[in-house]
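> In case it helps, the numbering used here puts the sequence shown at residues 125 to 307. Where a beta carbon is used, it is the ideal one built from N, C-alpha and C, also for glycine. Sharing a structure here in structure tokens format.
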Amino acid sequence: MSASTDGRTGGHQGRSGQSIGAEVRALVRLATAEAERRGLPAVEAEHLMLALLAGTGSTGGTAGTGGAAAVLAAEGLDYDTFARALIAERENSLRAAGVEPVPADRLVSTGRQSRARFGTSARQALVAAHRVSASHRRHNMRTGDVAAGILSSSLGTVPRALAYAGLDRSRLLQAVVSATQEA
């Protein structure tokens, strides 16, 4: 996503002219910090979701990601639930490949020397978020649009993690879409 400063809104403007507001920029910064804290080279959709859910669980980060987190929390998805689901997804994926998972206390990464780049799933989620926002004829992408973009994918880490957590991705998506339409 290329961006240029938009003096009228104080946000950044994507290629389509749609503004990427301060709350989405803050979400992207939180997702980048989440990936870097975990020692990962790329920001993926799961980091966007963790950033969005930050503040909804007992170990979550700061709040301020909008009403999408509250909608998801009402449906049973908060930071802690999703973090545990990601652990289950990782362990099950390793076992499916014939590898026994290493205990979490042995998984220690070294600090990153460079900024995490955006991975494919995060880019796809933001493209889908743009479509959601444009379909509502909004000029400013919101965190609810990003949540819908993440949840719209039926493939990847996020849908598998949600399934391991016993959460219905379609139901979560419908709740977020309903909330974004009302906003």
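(1) Between M173 and A271, what straight-line distance do the alpha-carbon atoms span, to the nearest angstrom?
(2) Could you please give me the residues that DSSP links to R241 through a beta bridge?
(3) With A155 and H171 assumed to form a contact (beta carbons below 8 Å), what rounded beta-carbon distance in angstroms separates them?
(4) Three-state secondary structure (DSSP) at E224?
(5) Output the distance between the C-alpha atoms of G273 and H254, rounded to the nearest integer angstrom.
(6) Just the Cα atoms here: how many angstroms apart are T304 and A194?
(7) Going along the chain, which residues of its own chain have a beta-carbon closer than 8 Å to the beta-carbon of V300, five neighbours each way excluded?
(8) If you draw a straight line from the C-alpha of R219 to the C-alpha of Y288, how long is it?
(9) How should G200 be labelled, buried or exposed, when 16 other C-beta atoms within 10 angstroms of its C-beta is the threshold for buried?
(10) Measure from the alpha carbon of G280 to the alpha carbon of each residue in A249, A258, N264, S302, then state which is nearest.
(11) Within 10 angstroms of its Cβ, does A198 collect 16 or more other Cβ (buried), or is it exposed?
(12) Is the beta carbon of A175 sitting closer than 9 Å to the one on V152?
(13) With respect to the alpha helix (DSSP H) encompassing S302, which residues constitute its N-terminal and C-terminal limits?
(14) How far does the alpha helix (DSSP H) with A289 in it reach, from first residue to last?
(15) Report, in whole angstroms, the separation of the C-beta atoms of E147 and R247, which I expect to be a contact under 8 Å.
(16) From A212 to A285, what does the alpha carbon distance come to, in whole angstroms?
In brief:
(1) As a first step, residue 173 is located in the sequence shown; it is residue number 49 there, counting from the start. As a first step, residue 271 is located in the sequence shown; it is residue number 147 there, counting from the start. Answer to the nearest angstrom: the Cα atoms are 7 Å apart.
(2) What you label residue 241 is simply residue 117 of the sequence shown in a count that begins at 1. DSSP lists A166 as partners of R241.
(3) On the sequence shown, position 31 is the one that residue 155 refers to. On the sequence shown, position 47 is the one that residue 171 refers to. About 4 Å; that satisfies the 8 Å criterion.
(4) Within the sequence shown, residue 224 is the residue found at index 100, counting from 1. Of the three classes helix, strand and coil, the one that applies to E224 here is coil, per DSSP.
(5) Mapped onto the sequence shown, residue 273 falls at position 149. Mapped onto the sequence shown, residue 254 falls at position 130. Cα to Cα, G273 sits roughly 8 Å from H254.
(6) Along the sequence shown, read from residue 1 onward, the residue named residue 304 stands at position 180. Along the sequence shown, read from residue 1 onward, the residue named residue 194 stands at position 70. Approximately 12 Å between the Cα atoms of the pair.
(7) Residue mapping note: residue 300 aligns to position 176 of the sequence shown, counting from 1. So the list reads A192, V195, L196, G268, A271, A272, L275, once near-sequence residues are dropped.
(8) Numbered from its first residue, the sequence shown carries residue 219 at position 95. Numbered from its first residue, the sequence shown carries residue 288 at position 164. Each residue's alpha carbon lies about 14 Å from the other.
(9) Walking along the sequence shown from the start, residue 200 turns up at place 76. The residue is exposed, with fewer than 16 neighbouring Cβ atoms inside 10 Å.
(10) Counting from one through the sequence shown, the residue named residue 280 turns up at place 156. Ranking the options by Cα distance to G280, first place goes to A249.
(11) On the sequence shown, position 74 is the one that residue 198 refers to. The residue in question, A198, is exposed, as its Cβ has fewer than 16 Cβ neighbours within 10 Å.
(12) The residue labelled residue 175 in the question sits at position 51 within the sequence shown. The residue labelled residue 152 in the question sits at position 28 within the sequence shown. Contact flag set, yes.
(13) Taking the first residue of the sequence shown as position 1, residue 302 is located at position 178. That run of the alpha helix (DSSP H) goes 293-306.
(14) Numbered from 1 along the sequence shown, position 165 holds the residue referred to as residue 289. Per DSSP, A289 belongs to no alpha helix (DSSP H) and is neither H nor E.
(15) Numbered from 1 along the sequence shown, position 23 holds the residue referred to as residue 147. Numbered from 1 along the sequence shown, position 123 holds the residue referred to as residue 247. Their Cβ separation, rounded to whole angstroms, is 19 Å, which puts E147 and R247 out of contact at 8 Å.
(16) Locating residue 212 in the sequence shown gives position 88, counting from the first residue. Locating residue 285 in the sequence shown gives position 161, counting from the first residue. Roughly 7 Å separates the two Cα atoms.
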